[in-house]
Amino acid sequence: MSTFEQYENLPGVKVSYEDGNLFSGTQSTAATTQSILIIGTAIDGPVGEPVSVNSIGGPKAAEKLFGGMLERKTVYDDGIEKTIKVPHQGTLIRAMWEAIRSGNEDVRLLRVSGRAAKTELPVKDPNSEVLQPLADSLGNQLIAGNIAFSKALNMASDLRLVKIEKVEEFEGTDTTVTPYKTFNDATGYQSVDSTPGSETVYFPKDKFRPKNAIKITYKAKKRNYTEVTRNMDGQSEESTLGLLTQDPSMTNYFASEVGNWSDDVKHQVNVYIKDSSGSVNTIPSLNSKGERLYRIGKEDNTVTDELNQVITDVEFKQGGIRFTSAYEEEVKKGTYPALNSSVTVTADYFYYNDLEIQESVTQIVPGKEKETFLNHTPEFGSLEVYYESSGIKNILNENVDYTIVYPTEPNKKVSIMIKAGIGPVGAKLYAYYKTGENSTQGGRLIVQAKYPGTAYGGIDDIKDYASVYGVKTTVEYEVNANGTLDIENRVIRFIKPTDKKTTSTDNDLVFRTKDLKGITTLREFANYVNSLSNNNIVYLDVPLDYGSIAVTGLLVTDYEVNSVTGKYEYRPINLGEIYDESIPGFRLNIDDSKSQNDPDRFPWLGTNGFFNTANLADTKAYYETLGGTYGLVEGTIDEYEPLDQGIYSKLENYAVDIISLADVNANTAIGKYDDEGALVVDTERNFATQLAQHCALVTAKTWETIGVIGVAASPLSGLRDVQQYIDLLTGNSNPSKEIKEFYISRGINPSYSNEHYMYNLATIEQVYNDDGDPIDIGKYVNIVFGPEVGLAHEKLGNYVANGSSVYSALISQLNVENATTNKEIPVAGLRYNLSEAQHNQLAGGRYVAFESKLNSNGNRVIVVKDGVTGAALNSDYQRLSTVRITHATVQLIRKVADKFIGLPNGIAQRNSLATEIQSGLDKLKENGVLENFQFSIYSSAKDRVLGNAFITLELVPAYELRKIYTSVALRASL
2 MSTFEQYENL
12 PGVKVSYEDG
22 NLFSGTQSTA
32 ATTQSILIIG
42 TAIDGPVGEP
52 VSVNSIGGPK
62 AAEKLFGGML
72 ERKTVYDDGI
82 EKTIKVPHQG
92 TLIRAMWEAI
102 RSGNEDVRLL
112 RVSGRAAKTE
122 LPVKDPNSEV
132 LQPLADSLGN
142 QLIAGNIAFS
152 KALNMASDLR
162 LVKIEKVEEF
172 EGTDTTVTPY
182 KTFNDATGYQ
192 SVDSTPGSET
202 VYFPKDKFRP
212 KNAIKITYKA
222 KKRNYTEVTR
232 NMDGQSEEST
242 LGLLTQDPSM
252 TNYFASEVGN
262 WSDDVKHQVN
272 VYIKDSSGSV
282 NTIPSLNSKG
292 ERLYRIGKED
302 NTVTDELNQV
312 ITDVEFKQGG
322 IRFTSAYEEE
332 VKKGTYPALN
342 SSVTVTADYF
352 YYNDLEIQES
362 VTQIVPGKEK
372 ETFLNHTPEF
382 GSLEVYYESS
392 GIKNILNENV
402 DYTIVYPTEP
412 NKKVSIMIKA
422 GIGPVGAKLY
432 AYYKTGENST
442 QGGRLIVQAK
452 YPGTAYGGID
462 DIKDYASVYG
472 VKTTVEYEVN
482 ANGTLDIENR
492 VIRFIKPTDK
502 KTTSTDNDLV
512 FRTKDLKGIT
522 TLREFANYVN
532 SLSNNNIVYL
542 DVPLDYGSIA
552 VTGLLVTDYE
562 VNSVTGKYEY
572 RPINLGEIYD
582 ESIPGFRLNI
592 DDSKSQNDPD
602 RFPWLGTNGF
612 FNTANLADTK
622 AYYETLGGTY
632 GLVEGTIDEY
642 EPLDQGIYSK
652 LENYAVDIIS
662 LADVNANTAI
672 GKYDDEGALV
682 VDTERNFATQ
692 LAQHCALVTA
702 KTWETIGVIG
712 VAASPLSGLR
722 DVQQYIDLLT
732 GNSNPSKEIK
742 EFYISRGINP
752 SYSNEHYMYN
762 LATIEQVYND
772 DGDPIDIGKY
782 VNIVFGPEVG
792 LAHEKLGNYV
802 ANGSSVYSAL
812 ISQLNVENAT
822 TNKEIPVAGL
832 RYNLSEAQHN
842 QLAGGRYVAF
852 ESKLNSNGNR
862 VIVVKDGVTG
872 AALNSDYQRL
882 STVRITHATV
892 QLIRKVADKF
902 IGLPNGIAQR
912 NSLATEIQSG
922 LDKLKENGVL
932 ENFQFSIYSS
942 AKDRVLGNAF
952 ITLELVPAYE
962 LRKIYTSVAL
972 RASL
């Protein structure tokens, strides 16, 4: 009890008012029910550690520790920023209240997952060894390739380029050896200028290694030209190639017998028109305005200006003469004859035939030096410059592969001039050296959130890096009383977010190194801060090798000097930021290899650890979080070892009566990667069997424990939809592919079977007993179908939830001989009602279901239809009451036998043990827990040497009354 004693010297009656958990109905920490461990998600609090609600002060204290059921959100209402509290996805605290308000008095909570936000404050480390990426002023660490360059093909005038066949790169300048790289088609160059007479190939930068040779192989067409004259008109000469024929459908076009007219400027085209009088007119190509009187070729859709546009390749291929509108204007003037059937058109021209050839040219790849910079000045003789390629370190030689340039001006960096062609293009450059300057290499103080969660370090808008919120920190210079800076001391602040303030003035934790008596090193400072009772925001850690560094060596965080006052103004550093020496300063730590919506894109920001049960990757991670992961022992083919310890493994020695899973269901679809790397539903794993296996192991090792887990809600609540879902759960249907995909899209495994057998944790293979039969562990788990129950909470309002927490609380309140069958549960109603046939089907499938019925007072209540377990159909443990009676009996044996551990293993002690057991079992029989029993204690001579005693116990449990048959007969009189 804490008291506030303002007047400690004055007498009188002192009164203090304490929270007795009136809100929950729990008046003391002495619980009268069995214990329930709820496993779920939350936005705050420890991860992977069971916490007793009673031990920390009750449900209100648990709400505070785990962040409650609401979280703060910033919204904008008519442009005004407001902060409101809204429900979040976490299940832990909601399930706690469901169990408490259903009557349980001993709730334990375990948060499944979450990531703690962090930052690292750099520390000065004189004479440190530095390994840094060797980058240029733009931050590029890669070895540069060639500069952009071009290569003229220098083709003969009678050749025309067809295509670049390939580009080959050779190591060195010898092009007769096998090429180092071959680039086919257009992958080896940027562009090609194919203009006749100026054919040139252009290459982008960083394509080749400078000083290597490249060979450019190309295909070209060699043109053989034939001259045609106007005399080849069929009269002067036998050939008619010079005679052009008017096209009847296009009277301004006169076609030639051959196409492929030459576009060589040396091969001039002359056009002649003989009119009806026999006069021959030589037609010039242009008029006085410079406009074309004719064009070569019939037509080209790309030509939009026939009078001025250059004649195209298409037109040259077509051949013939097309007179333009400018010629028609000359006809109107009487300059030239009209193009009617009485005229004859002839021409002088050249045409060609192509012959394809292949040729090549070579070129030495050009490059230039790359200027890179060291972060610090290296000590003489300590610098080593190298690049890594295919995991191999290649050391460069000074003055051969690079040169060092020391600055001549203050505040300038040492530069390393990397010569062209010293290594493969794209290999990473590094510099290793020792320096006497203050360096941050290695030394750091890790500032981590007290617990995982976004409250300590999150981001409102993933596209707005300025929207980071949570805990902030600064490291400042100390200011002397006269206003001057004390650069030898530091002021370290940890600034609390609103949700972590305990009072209106509880803004931050402030530490002045000059006032920290006896605390000089980083390790001492971290231990001191971590031990403070008012520190509810950070956990400090120091890497092993840097614990002895002085706390005054912390580098001052980002600041600006006010130009007016001259004061240092420090920017608070968020958890989630990283120190970047290239700035130098802090920035948000971002992993660009992750997608924008991936929480791992911001690896130093916190996460709440929420899971999407409809996401196969999430449920796979959840399953592995609970059960751990395993891998082959190196050098073996069938031996496995744990890689990551799961929560269940950590709980193997934790005693609790009931475990309830709040986030996932028995038939939640779990993902796995198939042989092709695709994420598919794992039909061999389910959360119910995993829970049953854990309870079986804990029962054998530590304490008798059972599990309770729900079934995913039916996606639809129509009569046919519910029946289809029940058929699916009980194996009475063979769903189509479309139906399976429907359920999988909602996070439900359509192949789930309510059978639970012991399995190998690493391989998921079933384990068999001595008779070769699988070992049934279904008795350790209770599968709650529901339907979903109606609940209410003043912070959430009315809501519908899985009934597993409520059912767990009911179990915890009943004497072991009392079954849950026909027992009321304190809920407002059901999502829908089941028929008797459906209840019968679910009970046969070993699912717990709820029923709405009228009690003896005429009030409608919700009761448990049948208290079944997930045990196999041939098991003695299908009834929950049978399992609990057996567990209670074993616990009694465990309790009475414990005090004999360490005593002599003689007849007198065994007789005394038998008396204690007999007395305890008699009481169970008197209380109606057992109908009968018998036991024996055995210890052979060898067992007595080994210190073993064996108790064989046979029980006849009290069977529950499940049915009452009534026969009614009518008579005239009795």
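Quick note on the numbering used here: the sequence shown kicks off at 2 and runs consecutively.
All residues carry an ideal CB built from backbone N, CA and C; glycine is no exception.
So, helix, strand or coil for Ser809, using DSSP?
helix
Taking the beta carbon of Glu578 as the centre, do at least 16 other beta carbons fall within 10 Å, making it buried, or is it exposed?
buried
Beta-bridge pairing of Arg832 - partner residues as DSSP gives them:
As computed with DSSP, Arg832 is found in no beta bridge at all.
Hey, could you find the ends of the alpha helix (DSSP H) Arg224 is sitting in?
Where Arg224 is concerned, there is no enclosing alpha helix (DSSP H), although the beta strand (DSSP E) it sits in stretches over 214-229.
By the three-class DSSP mapping on this structure, what secondary structure does Asp546 have?
Helix at Asp546.
Per DSSP, what kind of secondary structure is Tyr328 in: helix, strand or coil?
helix
Check the DSSP bridge columns for Met418 and list the partner residues they point to.
Glu372, Thr404
Determine the contact status of Val426 and Ile144, defining contact as a CB-CB distance below 8 Å.
yes
Please look up how many angstroms separate the CB atoms of Thr218 and Lys182, rounded, as I've assumed it's under 8 Å.
Between Lys182 and Thr218 the Cβ distance is about 14 Å, and since that is not below 8 Å, they are no contact.
Jot down the residue ranges of each uninterrupted beta strand (DSSP E) in the segment 120-189, minimum 3 residues, whole runs only, in chain order.
130-134, 150-153, 160-171, 182-185
Hey, how far is the Cα of Lys896 from the Cα of Ser532?
Take the alpha-carbon of Lys896 and the one of Ser532: they are about 38 Å apart.
Identify whether Gly845 lies in helix, strand or coil by the three-state DSSP scheme.
helix
According to DSSP, is Tyr753 helix, strand or coil?
coil
Endpoints, alpha helix (DSSP H) assigned at His695:
688-702
Quick one, are the C-beta atoms of Tyr328 and Tyr337 less than 8 Å apart?
yes
State whether the segment 45-65 contacts the segment 104-124, with contact taken as three or more CB pairs (one from each stretch) at a distance under 8 Å.
yes
Terminal residues of the continuous alpha helix (DSSP H) containing Glu625?
617-628
In terms of residue numbering, what span does the beta strand (DSSP E) encompassing Lys206 cover?
Unbroken run through Lys206: none, as it is neither H nor E.
Would Val864 and Phe851 qualify as a contact pair, given that the criterion is a beta-carbon distance under 8 Å?
yes
Going straight from the alpha carbon of Val87 to that of Thr499, what length do you get?
16 Å
Taking the alpha carbon of Ile423 as the reference point, which residue from Asn412, Lys369, Gln449 has its own alpha carbon closest?
Lys369
According to DSSP, is Gly632 part of a helix, a strand, or is it coil?
strand
Span of the alpha helix (DSSP H) holding Tyr726?
720-731
Inter-stretch contact at 8 Å, needing at least 3 Cβ pairs: the segment 481-500 / the segment 620-631:
At 8 Å Cβ cutoff, the stretches do not touch.
Close beta carbons around Phe526, own chain, < 6 Å, minus the five adjacent residues each side:
Ile520, Val552
Run through DSSP, which three-state label would Tyr387 get?
DSSP places Tyr387 within a strand segment (E or B) once states are collapsed to three.
Throw me the rounded Cβ distance for the Asp487 and Val476 pair, which I believe falls under 8 Å.
Here Asp487 is actually not in contact with Val476; their C-beta atoms are around 13 Å apart, not less than 8 Å.
Among Ser876, Ala829, Thr176, whose alpha-carbon lies nearest the alpha-carbon of Lys854?
For Lys854, the closest alpha carbon among the candidates Ser876, Ala829, Thr176 is that of Ala829.
I'd like to know if the segment 207-224 and the segment 309-324 are in contact, where contact means that at least 3 CB-CB pairs between them fall below 8 Å.
Contact between the segment 207-224 and the segment 309-324 is absent, because fewer than three Cβ pairs lie under 8 Å.
Per DSSP, cross-strand counterpart(s) of Ala873
Answer is none; Ala873 lacks a bridge partner.
Local conformation of Thr503 per DSSP, three classes
coil
Residues that Arg572 bridges to, as DSSP identifies them:
For Arg572, which the question treats as bridged, DSSP gives no partner whatsoever.
DSSP beta-bridge partners for Gln935?
Glu955
Indicate the three-state DSSP secondary structure (helix, strand or coil) for Ile94 in the structure shown.
helix
Give the secondary structure of Pro367 by DSSP, where H, G and I count as helix, E and B as strand, and everything else as coil.
coil
Cβ-based neighbour list, Glu825, same chain, cut-off 6 Å, excluding 5 preceding and 5 following
Val862, Val864
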